[in-house]
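Just add 7 to the spot in the sequence shown (first one is 1) and you have this note's numbering. For every residue, glycine included, the Cβ atom is placed at its ideal position computed from N, Cα and C.
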Amino acid sequence: MKTLEMQAPEVAQTTDFLPINGTDYVELYVGNCKQAAHYYQSAFGFQPLAYAGLETGLKDRESYVLQQGKIRLVLTSPLKGGTEIGRHIDLHGDGVKVVALWVDDAVSAFNETVSRGAKPYMKPTTEEDEFGKVVRSGIYTYGETVHIFVERNRYNGSFLPGFRAWNPAYRPADVGLKYVDHMVGNVGWNEMNKWVDFYARVMGFSQLVSFDDKDISTEYTALMSKVMSNGNGRIKFPINEPAEGKKKSQVEEYLDFYGGAGVQHIAVATDNIIETVTQLRNRGVEFLRVPATYYDTVLERVGEIDEDLLPLKELGILIDRDEEGYLLQIFTRPVEPRPTMFFEIIQRKGAKSFGKGNFKALFEAIEREQMLRGTL
Ligand code: FE2
């Protein structure tokens with residue numbers, strides 16, 4: 008059995024050419040952003056923040072911005088046919104278009120990454136309104152997904168210039184989600200190392216943990232995964248590719264339905280996963296379930312934990328341990344018609360890894376769902 012390789016990011020030897028303060032926002036292109044906003048409010052407890060659309064002078068698209076803790080979601084839909092956003096939705100279904108990164112210097116972020124081979128998406132652009140100035144720039148990553156660098160230290164508006172504050176009376180309570188812990192990309196056959204190399208060479212990230220297909224496989228399906236992290240560890244991007252199994256890998260199923268590489272899941276952190284998942288379930292969020300037998304042996308594998316096992320079992324929350332502590336996690340079912348993107352809820356209690364010990368139980372749960380969809 009292969010052991011976990013933890014590599015400290017090499018910050019001491021070199022200066023970070025792409026300093027990142029954190030995730031700025033995640034933008035999804037969706038068919039109906041008005042209804043999606045309602046779903047993320049009522050089901051996930053995101054709070055209304057900002058709006059842009061016809062009422063702010065846009066003619067071709069509308070966006071709602073929601074926030075919970077430090078997590079900002081932007082939901083965008085086209086307002087007419089024949090748009091780039093509409094083409095994206097037709098090909099991929101609802102999904103993540105932009106993983107925006109908060110930087111101090113969006114011009115430098117663009118120049119440093121493009122000079123290292125990144126494909127430009129948006130040249131450095133200054134936007135301004137009465138609340139100040141924001142500079143944004145952007146590059147492509149896997150598939151049609153992009154990173155936008157956001158420099159906002161001279162801005163104190165609700166979100167970005169061009170957006171107005173959105174203050175509806177309807178405000179369901181939040182569920183305790185705090186920040187984006189990691190975001191996972193699914194890429195095509197034999198492409199994992201290409202994108203690992205992209206994050207290393209173009210963005211200065213280093214590899215944290217490595218799995219191979221023997222680590223993450225079940226009787227039927229397999230995948231390979233490597234985790235890339237930026238210098239200060241605030242940004243973590245695991246990259247998955249499918250691996251050969253007896254039947255179709257869940258990553259391959261994603262690629263088929265998404266029409267290529269894209270964001271597979273957004274992991275969001277909470278300080279109290281039992282409370283958060285109880286709330287989410289009560290509000291209709293659907294989670295993957297592992298067999299009840301998972302809980303018969305889990306404590307033998309992970310050792311002592313602070314929580315009672317019973318509520319974890321009732322909610323279907325998974326447990327894993329590494330050298331530094333343990334973590335609690337659970338995965339939603341896909342949040343759109345295609346079996347593509349989903350969310351992970353995670354509470355870290357020292358552990359810095361991603362739940363490798365749960366993958367087998369989890370994959371078997373996913374395979375049961377693939378079987379129901381006839382795509383295994
Ligand atoms: Fe994850």
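Contact between the stretch 104-118 and the stretch 25-38 is present: three or more C-beta pairs spanning the two stretches fall below 8 Å.
When the Cα atoms are used, Glu248 and Glu260 turn out to be separated by approximately 11 Å. Per DSSP, the continuous beta strand (DSSP E) segment holding Lys356 begins and ends at Phe349 to Lys356. Along the length of the stretch 266-330, whole alpha helix (DSSP H) runs at least 4 residues long occupy 280-289, 301-309 and 316-322, reported in chain order. Around the ligand FE2, the residues selected by a Cβ distance under 6 Å to any of its heavy atoms are His189, Val191, His272, Ala274, Glu351 and Phe361, following chain order.
Annotation for Thr120: the continuous alpha helix (DSSP H) segment containing it runs Ala113 to Ser122. Exclusion of the five residues before and after Val81 leaves Tyr32, Glu34, Ser70 and Val72 as the residues of its chain whose Cβ lies within less than 6 Å of its Cβ. DSSP places Ile155 in no alpha helix (DSSP H) but in the uninterrupted beta strand (DSSP E) bounded by Val153 to Tyr162. Excluding five sequence positions before and after Thr63, the CB atoms of its chain that fall closer than 8 Å to its own CB belong to Gly169, Phe170 and Arg171, given in chain order. Per DSSP, reduced to three states, the secondary structure at Gly93 is helical. Glu151 is positioned such that its CB atom lies closer than 9 Å to that of His99. Val234 is a Cβ neighbour of Gln214, given a cutoff of 9 Å.
Take the alpha-carbon of Glu330 and the one of Gly139: they are about 46 Å apart. Judged by DSSP in its simplified three-state form, Gly364 adopts helix. The count of Cβ pairs closer than 8 Å, one atom from the stretch 88-96 and one from the stretch 180-196, stays below three, leaving the stretches out of contact. For Ala125, there is no enclosing beta strand (DSSP E), as DSSP marks it with neither H nor E.
Between the alpha carbons of Ala59 and Glu311 lies a gap of roughly 49 Å.
Assigned with DSSP and collapsed to three states, Asp204 falls in helix.
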